[in-house]
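**Q** Residue numbers (this note's numbering): 1148 to 1384.
Virtual Cβ for every residue (Gly too), placed ideally from N, Cα, C.
The structure that follows is given in the form of structure tokens.
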Amino acid sequence: MREDGRVQIDVVTLFPQWFEWFTGQRHVANAVASGHDLRFLDLREHTPLSGGQVDDTPFGGGAGMVLRVDVMDAALRGFYGSDPVELRRERRVIALTPGGRMLDEGLVTELAAEPALTLLCGRYEGFDERIVQHFCSDAVSIGRYVLAGGELAAMVLADAVLRKLPGSLGHADSAEEESFSAALGGDPEYPHYTRPADYRGWTVPEVLLSGHHEEIRRWRRARSRERGAASGGASLS
Ligand code: ADE
1148 MREDGRVQID
1158 VVTLFPQWFE
1168 WFTGQRHVAN
1178 AVASGHDLRF
1188 LDLREHTPLS
1198 GGQVDDTPFG
1208 GGAGMVLRVD
1218 VMDAALRGFY
1228 GSDPVELRRE
1238 RRVIALTPGG
1248 RMLDEGLVTE
1258 LAAEPALTLL
1268 CGRYEGFDER
1278 IVQHFCSDAV
1288 SIGRYVLAGG
1298 ELAAMVLADA
1308 VLRKLPGSLG
1318 HADSAEEESF
1328 SAALGGDPEY
1338 PHYTRPADYR
1348 GWTVPEVLLS
1358 GHHEEIRRWR
1368 RARSRERGAA
1378 SGGASLS
């Protein structure tokens, strides 16, 4: 976050139009309305190659195409007006790639505290490795599977970061005691129930209807721990 509490997220992509749906979602629109800045930068806009070319065949052979380092250099230079080698000292520049650091709640919290992020979306076989080595501060993965490109991964990351920021969720506490938060010792969230209390004979645990706040808190903490143990996650407390 900047001093004024605002965050800027830039996404560099070959498909800026993909994000129109994303920015239309309420919590994202709320975040933008409350001053956070989301920009979508077209990687093709500044390409020095003819015909809007951005990729090339891999040296050494193999299937697919690789995003060129000179194209990313020109794009970042065009957007920010400086050498991208310097950019990563000013803001986190993150390559979305299946082999990167796994995105989890800890990393999301870390990124939500940054004033500015730049997310680079790969396509085809991914990035020329020199893009990651010289222009990026991080390489992040949303799971050990391969998507057609980094756009969905960028949306996942941006969504998880934005909902942590003030102004995004309706209720101030909504992001406080949720799955994997420090308030829950890093465990998944406890089960929730709402009306009707009895549906087809499936009843809500009695304690939740009891009004005993301390017992409810203990019950929730215990369920949360059970879920953490069942999913193989380590409890922080
Ligand atoms: N790009 C393609 N697959 C990806 C993944 N699993 N995570 C992040 N970026 C990707």
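Would you be able to state if there are at least three C-beta pairs under 8 Å between the segment 1238–1254 and the segment 1162–1173?
**A** Output reads no: the segment 1238–1254 does not touch the segment 1162–1173.
**Q** Under the three-state reduction of DSSP, which class applies to Ser1384: helix, strand or coil?
**A** The residue you call residue 1384 lines up with position 237 of the sequence shown. Any reading at Ser1384 is ruled out, since the residue's pLDDT is 48, under 50, leaving its predicted position unreliable.
**Q** Could you check what DSSP says for Phe1226 in three-state terms: helix, strand or coil?
**A** On the sequence shown, residue 1226 is found 79 positions in, with the first residue counted as 1. Looking at Phe1226 - three-state DSSP - the assignment turns out to be helix.
**Q** So, with DSSP's three-state summary, where would you put Val1303?
**A** Working through the sequence shown from its first residue, we reach residue 1303 at position 156. The answer is helix: DSSP assigns Val1303 an H, G or I state.
**Q** On the CB-based measure, 16 or more other CB atoms within 10 Å of its CB, does Arg1270 come out buried or exposed?
**A** One-based indexing of the sequence shown puts residue 1270 at position 123. Buried, by the Cβ-count rule.
**Q** Going straight from the alpha carbon of Ser1181 to that of Leu1258, what length do you get?
**A** The residue you call residue 1181 lines up with position 34 of the sequence shown. The residue you call residue 1258 lines up with position 111 of the sequence shown. Rounded to the nearest angstrom, the two C-alpha atoms are 19 Å apart.
**Q** Which one of Ala1260, Ile1156, Glu1272 and Ala1305 has the shortest CA to CA distance from Met1212?
**A** As a first step, residue 1212 is located in the sequence shown; it is residue number 65 there, counting from the start. Ranking the options by Cα distance to Met1212, first place goes to Glu1272.
**Q** Closest to Leu1196 by C-alpha separation, out of Leu1234, Arg1173 and Ala1221, would be which residue?
**A** One-based indexing of the sequence shown puts residue 1196 at position 49. The candidate whose alpha carbon is nearest that of Leu1196 is Ala1221.
**Q** Do Leu1299 and Cys1283 have their CB atoms nearer than 8 Å?
**A** In the sequence shown, residue 1299 corresponds to position 152, counting from 1. In the sequence shown, residue 1283 corresponds to position 136, counting from 1. No. Outside cutoff.
**Q** Report all residues from its chain with a CB closer than 7 Å to the CB of Val1216; omit the five preceding and five following residues, and keep chain order.
**A** Residue 1216 sits at position 69 when you count from the first residue of the sequence shown. Excluding positions up to five away in sequence, the list reads Asp1275, Arg1277 and Ile1278.
**Q** Which residue's Cα is closest to the Cα of Val1154: Thr1350, His1193, Gln1172 and Leu1185?
**A** What you label residue 1154 is simply residue 7 of the sequence shown in a count that begins at 1. Measuring from the Cα of Val1154, the nearest candidate turns out to be Leu1185.
**Q** For Ser1288, does the three-state DSSP call read helix, strand or coil?
**A** Reading the sequence shown from its first residue, position 141 is the one you call residue 1288. Ser1288: strand per DSSP, three-state reduction.
**Q** In terms of residues, what are the limits of the alpha helix (DSSP H) holding Pro1231?
**A** As a first step, residue 1231 is located in the sequence shown; it is residue number 84 there, counting from the start. Pro1231 -> alpha helix (DSSP H) spans Pro1231 to Glu1237.
**Q** Which of the three DSSP states is assigned to Ala1210 in this structure?
**A** Here the question's residue 1210 lines up with position 63 in the sequence shown. Three-state DSSP puts Ala1210 in coil, outside helix and strand.
**Q** Just to confirm the assignment, what range does the beta strand (DSSP E) spanning Ala1263 have?
**A** In the sequence shown, residue 1263 corresponds to position 116, counting from 1. From DSSP, the beta strand (DSSP E) with Ala1263 extends over Ala1263 to Cys1268.
**Q** Quickly, what does DSSP pair Tyr1346 with across the bridge? List them, please.
**A** On the sequence shown, position 199 is the one that residue 1346 refers to. Trp1349.
**Q** When burial is assigned at 16 or more other CB atoms within 10 Å of the CB, is Asp1345 buried or exposed?
**A** Numbered from 1 along the sequence shown, position 198 holds the residue referred to as residue 1345. Exposed, because fewer than 16 other Cβ atoms sit within 10 Å of the Cβ of Asp1345.
**Q** Taking the alpha helix (DSSP H) that Tyr1191 belongs to, which residues open and close that run?
**A** Start at 1 with the first residue of the sequence shown, and residue 1191 comes out as number 44. Here the sequence assigns Arg to residue 1191, which means Tyr is not the residue at that position. It is not in any alpha helix (DSSP H) - Arg1191 carries neither H nor E in the DSSP assignment.
**Q** For the ligand ADE, any of its heavy atoms closer than 7 Å to the Cβ of Val1279?
**A** For this step, residue 1279 is matched to residue 132 along the sequence shown. Val1279 Cβ: outside cutoff for every heavy atom of the ligand ADE.
**Q** Going by Cα to Cα distance, which pick from Glu1362, Glu1261 and Gly1333 is closest to Gly1375?
**A** Against the sequence shown, residue 1375 aligns to sequence position 228. That would be Gly1333, whose Cα lies nearest to the Cα of Gly1375.
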